[in-house]
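Encoded as structure tokens, the structure appears first; notes follow it.
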Amino acid sequence: MFHHLHGGQHQSVQGSISQEDLEAILQFVGVQRFLTPMQWLEKLDSDRLDPEDLCLTFDDGLLCQFDIALPLLEKYRLNAFWFVYSGVFEGQVQLGKLEIYRAFRCQYFPTIDDFYTVFFGRVFDAGFGETTSEVVTEARIRQMISVFPFYSVNDVRFRLVRDLILGRREYELIMDGLIHDRGPSLNELAKGLWMSDEHLKYLTDQGHVVGLHSYSHPTALADLPYAEQREEYQKNYQHILRVCGRPPVAVAHPTNSYNQETIEILAGLGIRFGFRSNMAAANAIGQSNPNPYEMAREDNANIQRMVGASK
Ligand SMILES: [Zn+2]
């Protein structure tokens, strides 16, 4: 599972890798081990998908993936799954605030910890200090680091405050306030972040597969009522169908958020399988791939560390 790449016009953001890093990862894992999306689907349909089978996935429709990763994939003749949330493709830049905020906190602060200091100050000023100390416990931080070992303690605190305490509305109010105070407009920050419909069409024509990732990339899709979840995926589905000319068959759950209703909605749309965003067990009996809609993925940051350790 890949997200951000840097190089050329694409600045380095937290967790981003270079084209050289990507090449090292591909060679470390073994270029020949990656199935094409078509091979993956064939194996899935005939129930022959093995635990060793791998494929490449890129989330969020980022232009840096197209500019930096794609040339390398073409060099090695590899095809991948590209999971996109459609809102930002249909001009609704404000739906991509998650990404815009990432660009902001990486570009406007000397270090990420400088950002966190300012951010936690605002959270406190907005009256969430007490809830934060109740919810963001040592135990919870340790638990989350065990699932996402590449996060720092501050990274985890930030995500817990954002997702469990503030929720989208309050988080956006705080971030928009910060951005307003520092100067840049959302449109300035959004420039060059995402691909366009033409990029998706090109990928499809080259044998890549574009898949669902919701419409607005909610931070907790599973918390939305059924009708809203359905709308998220219906609009996402229609966009991909229109642009790529074929019905999407795969999903990656945004921020790993889904529930039984989500899976019903996806199955109803004809989606054949879905990816989670980590390798942890997906249920109480410890299965990583309990069914086609909950398949595990390894974050490139973890593979990156294995590459480092092998040197
Ligand atoms: Zn995503």
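Per the working numbering, numbering through the sequence shown is continuous, rising by one, with the last residue being 311. We put the CB at the ideal spot given by N, CA and C, even for glycine.
Requested in this report: In angstroms with no decimal places, state the Cα-to-Cα distance between residue 169 and residue 30.
Outcome: Those two C-alpha atoms are separated by around 43 Å.
Report task. Evaluate residue 253 with the Cβ neighbour count: other Cβ atoms within 10 Å of its Cβ, from every protein chain shown; 16 or more gives buried, anything less gives exposed. Result -> Buried, by the Cβ-count rule.
Query raised in the report: Bridge partners of residue 7, per DSSP?
Result: Answer is 10, bridged to residue 7.
**Report entry** Chain-order list of residues whose beta-carbon lies under 6 Å from that of residue 162 (same chain, five-residue window excluded)
**Finding:** 171, listed in sequence order.
Query raised in the report: Which of the three DSSP states, helix, strand or coil, is assigned to residue 1?
Result: Looking at residue 1 - three-state DSSP - the assignment turns out to be coil, as it is neither helix nor strand.
**Report entry** 8 Å contact criterion, which residue 300 and residue 25 should meet: CB distance rounded
**Finding:** Yes, residue 300 and residue 25 are in contact; Cβ-Cβ is about 6 Å, under 8 Å.
Query - Cβ neighbours of residue 165 in the same chain (closer than 7 Å, five flanking residues each side left out) - result: Non-local beta-carbon contacts of residue 165 in its own chain, meaning distances under 7 Å to residues more than five positions away in sequence, involve 128, 131, 132 and 135 in chain order.
Query raised in the report: So is the beta-carbon of residue 218 under 7 Å away from any non-hydrogen atom of ligand 1?
Result: Incorrect: residue 218 has no Cβ contact closer than 7 Å to ligand 1.
Query raised in the report: How would you call residue 282, buried or exposed, if buried means at least 16 neighbouring beta carbons within 10 angstroms?
Result: Buried, because 16 or more other Cβ atoms sit within 10 Å of the Cβ of residue 282.
Query raised in the report: Under the rule that 16 or more other beta-carbon atoms within 10 Å means buried, what is residue 199, buried or exposed?
Result: So residue 199 ends up on the buried side.
Requested in this report: Classify residue 148 as helix, strand or coil using the three-state DSSP reduction.
Outcome: Secondary structure of residue 148 (DSSP, three-state): coil.
Query raised in the report: Counting Cβ pairs closer than 8 Å, one from the segment 141-150 and one from the segment 184-196, do we hit at least three?
Result: Contact fails: fewer than three Cβ-Cβ distances are below 8 Å.
**Report entry** residue 254 beta carbon near ligand 1 (any heavy atom closer than 7 Å)
**Finding:** Here the distance from the Cβ of residue 254 to the nearest heavy atom of ligand 1 is below 7 Å.
Query - Simplified DSSP state of residue 62, which is helix, strand or coil - result: Here DSSP, grouped into helix, strand and coil, assigns residue 62 to strand.
Query raised in the report: What do you reckon, is the C-beta of residue 197 under 7 Å from a heavy atom of ligand 1?
Result: False, no ligand heavy atom lies under 7 Å from that Cβ.
**Report entry** Cut-off 7 Å between Cβ atoms - residues of its own chain near residue 201, not counting five sequence neighbours on either side
**Finding:** Taking C-beta separations shorter than 7 Å and ignoring five residues to either side along the sequence, the partners of residue 201 in its chain run 243 and 244, following chain order.
Requested in this report: Report the option in 94, 70 and 81 whose CA atom is closest to the CA atom of residue 248.
Outcome: The option with the nearest alpha carbon to residue 248 is 81.
Report task. State yes or no: is the C-beta of residue 7 within less than 8 Å of the C-beta of residue 68? Result -> Their beta carbons are under 8 Å apart, which means residue 7 touches residue 68 by this criterion.
**Report entry** 8 Å Cβ cutoff met for residue 233 and residue 214
**Finding:** Inclusion of residue 233 and residue 214 in the CB contact set at 8 Å is warranted, their separation being smaller than that value.
Query raised in the report: Between 279, 251 and 276, which lies nearest to residue 267 when the distance is taken from Cα to Cα?
Result: Selected option, being the one with the closest Cα: 251.
Query raised in the report: Could you give the distance in angstroms between the alpha-carbon of residue 182 and the alpha-carbon of residue 112?
Result: Distance from the CA atom of residue 182 to the CA atom of residue 112, rounded to whole angstroms, is 16 Å.
Query raised in the report: Hey, quick one: how far does the alpha helix (DSSP H) through residue 115 stretch, first residue to last?
Result: First-last of the alpha helix (DSSP H) with residue 115: 112-123.
Query - Cβ shell of residue 255 (< 6 Å), same chain only, five flanking positions each side left out - result: Hits under 6 Å: 219.
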